[in-house]
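In what follows, a single structure is set out as C-alpha cells and then discussed.
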Amino acid sequence: MDRITQVLKHLCEKHRIVIHLLIVLQITVSFQLINLEVSASSTNSTNTVIGSLDPVTPDDATWILTSSFVIFTMQTGFGLLESGAVTKKNEVNILMKNAADVVLGGLSYWMFGYGFQYGKGPGTTFFCGIGSFFLDSEPQTMGVVFATFIFQLSFATTATTIVSGAMAERTDFHAYCIFSFLNTLTYCIPAGWLWAEHGFLKHLGALDFAGSCAVHLTGGVSALVAALMLKPRLRRYDNGPDPLPMGNPGNALVGTFTLWWGWLVFNCGSSFGISGDKWHYAGRSAVNTINASLGGGLAGLIYSYTKSKMFLVGDLINSILGALVAVTAGSGFLRSWESLVVGAFGAILVSIVAPLMDKYRIDDPVGAVAVHAMGGLWGMIAVGLFIDNDSLLNLTHGRSGLFKGGGFYLLGVQILACVAVSTWSMITTFLILKSINYFVPIRLAPPEEILGADFVEHDVRHEGYDYEVMMTELERLGLKLRHPRIHNPPRSQWDDHLILQYIEKVLVKCDSNDSSTDPLTTNGSSPPNIIAQEHFFIRGGRRADGCSIS
Numbered sequence: 001m002d003r004i005t006q007v008l009k010h011l012c013e014k015h016r017i018v019i020h021l022l023i024v025l026q027i028t029v030s031f032q033l034i035n036l037e038v039s040a041s042s043t044n045s046t047n048t049v050i051g052s053l054d055p056v057t058p059d060d061a062t063w064i065l066t067s068s069f070v071i072f073t074m075q076t077g078f079g080l081l082e083s084g085a086v087t088k089k090n091e092v093n094i095l096m097k098n099a100a101d102v103v104l105g106g107l108s109y110w111m112f113g114y115g116f117q118y119g120k121g122p123g124t125t126f127f128c129g130i131g132s133f134f135l136d137s138e139p140q141t142m143g144v145v146f147a148t149f150i151f152q153l154s155f156a157t158t159a160t161t162i163v164s165g166a167m168a169e170r171t172d173f174h175a176y177c178i179f180s181f182l183n184t185l186t187y188c189i190p191a192g193w194l195w196a197e198h199g200f201l202k203h204l205g206a207l208d209f210a211g212s213c214a215v216h217l218t219g220g221v222s223a224l225v226a227a228l229m230l231k232p233r234l235r236r237y238d239n240g241p242d243p244l245p246m247g248n249p250g251n252a253l254v255g256t257f258t259l260w261w262g263w264l265v266f267n268c269g270s271s272f273g274i275s276g277d278k279w280h281y282a283g284r285s286a287v288n289t290i291n292a293s294l295g296g297g298l299a300g301l302i303y304s305y306t307k308s309k310m311f312l313v314g315d316l317i318n319s320i321l322g323a324l325v326a327v328t329a330g331s332g333f334l335r336s337w338e339s340l341v342v343g344a345f346g347a348i349l350v351s352i353v354a355p356l357m358d359k360y361r362i363d364d365p366v367g368a369v370a371v372h373a374m375g376g377l378w379g380m381i382a383v384g385l386f387i388d389n390d391s392l393l394n395l396t397h398g399r400s401g402l403f404k405g406g407g408f409y410l411l412g413v414q415i416l417a418c419v420a421v422s423t424w425s426m427i428t429t430f431l432i433l434k435s436i437n438y439f440v441p442i443r444l445a446p447p448e449e450i451l452g453a454d455f456v457e458h459d460v461r462h463e464g465y466d467y468e469v470m471m472t473e474l475e476r477l478g479l480k481l482r483h484p485r486i487h488n489p490p491r492s493q494w495d496d497h498l499i500l501q502y503i504e505k506v507l508v509k510c511d512s513n514d515s516s517t518d519p520l521t522t523n524g525s526s527p528p529n530i531i532a533q534e535h536f537f538i539r540g541g542r543r544a545d546g547c548s549i550s
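Okay, so the sequence shown: first residue is 1 according to full-length UniProt numbering, each after it adds one.
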C-alpha cells in the first residue's frame, strides 16, 4: 500500500496542472448527467438494439457468433505470448490461468456480469443494469440475446486475461481462481457505462468502438494495481531494472501472430453485423486495424534499433500490440492514414512506458500495463482528436474530433471516460485482491516461487531442474512449502528407468549372438524397437551397461 501511495504521489506532483484541468473538465461535463433518463422497461422484440447501431437481424447474429468464436482463439495467443515471456518453470501455470479465466470468468459473466452490463429490469440506473442474471431467453429472442452474450463474454474473459500477465510467476493459483471469478465485476460495470442503453458515458457521447477503454484500459489499470500489490518477483531488481530475457521468444512471437489475427475479428465484429450500412464499419475496421499494426511495428523496429542497435523481440511485440490496442476505440471511425499515425504513436508511448515501469520497480513480466493501459488511454484520446462526424449511422452523435473542428467536447468526454473507468478499475481490483488475501495469500511463498508454480501448483517438472535437491536445500535453510505434496518422478526419468530394466532383462550377456528370451513377449523374440532402445543409451560407442558394441 505504501508503494502505491508513493507512485501516485509522484505522478500527482509531476502532473498537477493536468490533474486540475481534468477535475474542472469532469465537473463541467458531469452537469450533462442531469438530463439522463433511464428506461427500466425491457423489450421482447426480436430486433434488439445494441449501442447506437441498427437492430440486430438474423444475418447480423451469424456475424456476431462467428466473430465470437474467433475472438476466443485470442486466449491461445495470450497464452503463448505470456508463457514465452516468463521463465520455463512457470509457463504451464500461465496457460492454466488463461484456462481458468475462460472457465471461471465465463461462469460469473453468465451468472451476473451480463445482467449488470446490459440488464434492463427494475432498479436499472445510469450506474449499472439490473436483470438477465443467470441468463436465459424466450424462443422468440434467444438468437439475438445469446449471440450478443457470447460475444461480450469473449470480451470479459479477455479483460481478465490481461491482468494475469502482470501477476505472472508469483501468484498463488488458488487465489487467482477466486480473482478470475470476481474480476468480472471490474469489467462489466464500466462496459455498461460505455455500451449499454443505461450507461451515463454513452449518453454523454463517449465513443469506444471495440474496447480500448472498456476492455484494455480496464484490464491494464487492474494489472497495474495487481503488480503493485504483489510486489516484484524475488531478486528481480537485484542487478538493476534491465528487462529479463524471455523464456521462449519463439512462442511469444507465435502468440503475437495469433493475437494479430484475432484482433481483426475483435474490431470488425464490433460492428455487430453486416446488414444495412454496418458492413461499411466492418470493412473500415479491418483496414484500420492492419494499418495501425503496420505503423506500430515500423515504429517498434526503429525504436529498438535506435536504442540497442539490435531488433529485440520484446520491443517489436509490445509495439505491435500497443498499436492494436490504440486503434481499437476508433477502428470504425478513423481514416486509413490516421490509423497509421495512431498506431505508430501508440507504439512509441508503449516503448517509453515499459522501461519506466521497471525504473519504478513495478514488476510487470509481460508488459501488460504499458500495452493495455497506455495503449487504451491513447486510443480514447485519439478518437477525441481525429474522427470525423459519422454520416452513415450517426454513431458519433453529430460530433467530430478536435483536429476536425469539433471543439473540445468530444475530447473532454473521452478523457472523462478514461478517468471514470480507471478509477473504478483501481478501486475494485484493490478491494477484490485485498479481500482474497485475507483468506488465501495471493502471493506464493518464497520457496514455492523458487521452485516454480509449474511444480508446486500443477506437478509439472521440467528438464534441467533437480527438484529433490532444490527442496532438500530449501528445507536445510528452514524454508518449507506451504502445501507439501508428494510428487511423482517426471515422465522422462520414469521412461529411462523402464528402458534400462528392459535392456538388462533382454541383453543378458555382452557380445553374445544367442537370442535372449524377452520376458515381456510370449514367443521369445525381441520387439522391433529393441535396437532403437539400445542405441538410446549408447555413449561413445558403448552400451549403457558398459559393454562394447560391434
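In this text, a Cβ means the ideal position worked out from N, Cα and C, and glycines have one as well. Quantities reported herein were computed from a predicted structural model and do not represent experimental measurements.
Alpha-carbon to alpha-carbon, isoleucine 317 and isoleucine 348 = Taking the straight line joining both Cα atoms gives about 12 Å.
query = Nearest-angstrom Cα distance between glutamate 169 and glycine 84?
reply = Straight-line Cα distance between these residues: approximately 12 Å.
Inter-residue Cα distance where the pair is asparagine 183 and isoleucine 432 = About 8 Å.
query = Are at least three pairs of beta-carbons, each pair with one atom in the stretch 279 to 296 and one in the stretch 344 to 361, less than 8 Å apart?
reply = The stretch 279 to 296 and the stretch 344 to 361 touch, with no fewer than 3 CB-CB distances between them shorter than 8 Å.
key: Distance, glutamate 82 Cα to glutamate 449 Cα   = Looking at the backbone, the Cα of glutamate 449 and that of glutamate 82 are separated by about 17 Å.
request  = Give the DSSP-derived three-state secondary structure of arginine 233 in the structure shown.
outcome  = Three-state result, arginine 233: coil.
request  = Please confirm whether valine 215 and valine 460 have their CB atoms less than 8 Å apart.
outcome  = In this structure, valine 215 sits away from valine 460, with a CB-CB distance that is not shorter than 8 Å.
Which residues DSSP lists as bridging arginine 443, in chain order = For arginine 443, which the question treats as bridged, DSSP gives the partners Thr171.
ask   = Taking the C-alpha atoms as reference points, what is the distance between glycine 276 and threonine 396?
value = Across the structure, glycine 276 and threonine 396 are spaced so that their CA atoms are roughly 17 Å apart.
inquiry  = Let's test the definition: count the other Cβ atoms within 10 Å of the Cβ of valine 103 and tell me whether it reaches 16, buried, or not, exposed.
reply    = So valine 103 counts as exposed.
key: Cβ neighbour criterion (16 or more within 10 Å) applied to asparagine 394   = The residue is exposed, with fewer than 16 neighbouring Cβ atoms inside 10 Å.
inquiry  = According to DSSP, is tyrosine 114 part of a helix, a strand, or is it coil?
reply    = If DSSP states are grouped into helix, strand and coil, tyrosine 114 belongs with the helices.
task = Alpha carbon to alpha carbon, how far is methionine 380 from valine 456? Give it in angstroms, no decimals.
result = In this structure, the straight-line span from the alpha carbon of valine 456 to that of methionine 380 is close to 41 Å.
inquiry  = Can you check which of these residues, Val56, Ser351, Trp378 and Tyr118, is closest to leucine 153 by C-alpha distance?
reply    = Tyr118 is the residue among Val56, Ser351, Trp378 and Tyr118 whose C-alpha sits nearest the C-alpha of leucine 153.
query = Counting pairs of Cβ atoms below 8 Å between the stretch 153 to 162 and the stretch 184 to 203, do you hit three or more?
reply = Per the Cβ contact rule, the stretch 153 to 162 is in contact with the stretch 184 to 203 (3 or more Cβ pairs under 8 Å).
Through-space distance from asparagine 90 to proline 447, alpha-carbon basis = Rounded to the nearest angstrom, the two C-alpha atoms are 14 Å apart.
message = Which residue wins for smallest C-alpha separation from serine 180, given the options Leu107, Phe200 and Leu204?
response = Comparing Cα positions, the closest option is Leu107.
Exposure of residue 551, with buried meaning 16 or more beta-carbon neighbours within 10 Å = Residue 551 lies beyond the residue range present for the chain, which begins at 1 and ends at 550; the question has no answer from this structure.
DSSP state of serine 67 mapped onto helix, strand, coil = Annotated three-state conformation of serine 67 is helix, per DSSP.
task = Determine contact between the stretch 208 to 223 and the stretch 329 to 339, defined as no fewer than three beta-carbon pairs at a distance below 8 Å.
result = Here the stretch 208 to 223 makes contact with the stretch 329 to 339; the two share three or more CB pairs at distances below 8 Å.
inquiry  = Check for me: the alpha helix (DSSP H) holding isoleucine 274 runs from which residue to which?
reply    = From DSSP, isoleucine 274 is part of no alpha helix (DSSP H); its letter is neither H nor E.
key: Cutoff 7 Å; reference cysteine 128; Cβ partners in own chain excluding five residues on either side   = Excluding its 5 nearest sequence neighbours in each direction, cysteine 128 has C-beta neighbours in its own chain below 7 Å: Phe116, Ile189 and Gly192, listed in chain order.
key: Span separating the alpha-carbon of tyrosine 360 from that of alanine 354   = Whole-angstrom Cα-Cα distance: 11 Å.
task = Work out the CA separation of tryptophan 261 and asparagine 251 for me, nearest whole Å.
result = About 16 Å.
inquiry  = So, at 7 Å on beta carbons, what are the nonlocal neighbours of cysteine 177 in its own chain, with the 5 sequence-adjacent residues on each side left out?
reply    = Within the same chain, cysteine 177 has close Cβ partners Ala100 and Leu104.
inquiry  = Using a 10 Å radius around the Cβ and a threshold of 16 neighbouring Cβ atoms, would you call glutamate 338 buried or exposed?
reply    = So glutamate 338 counts as buried.
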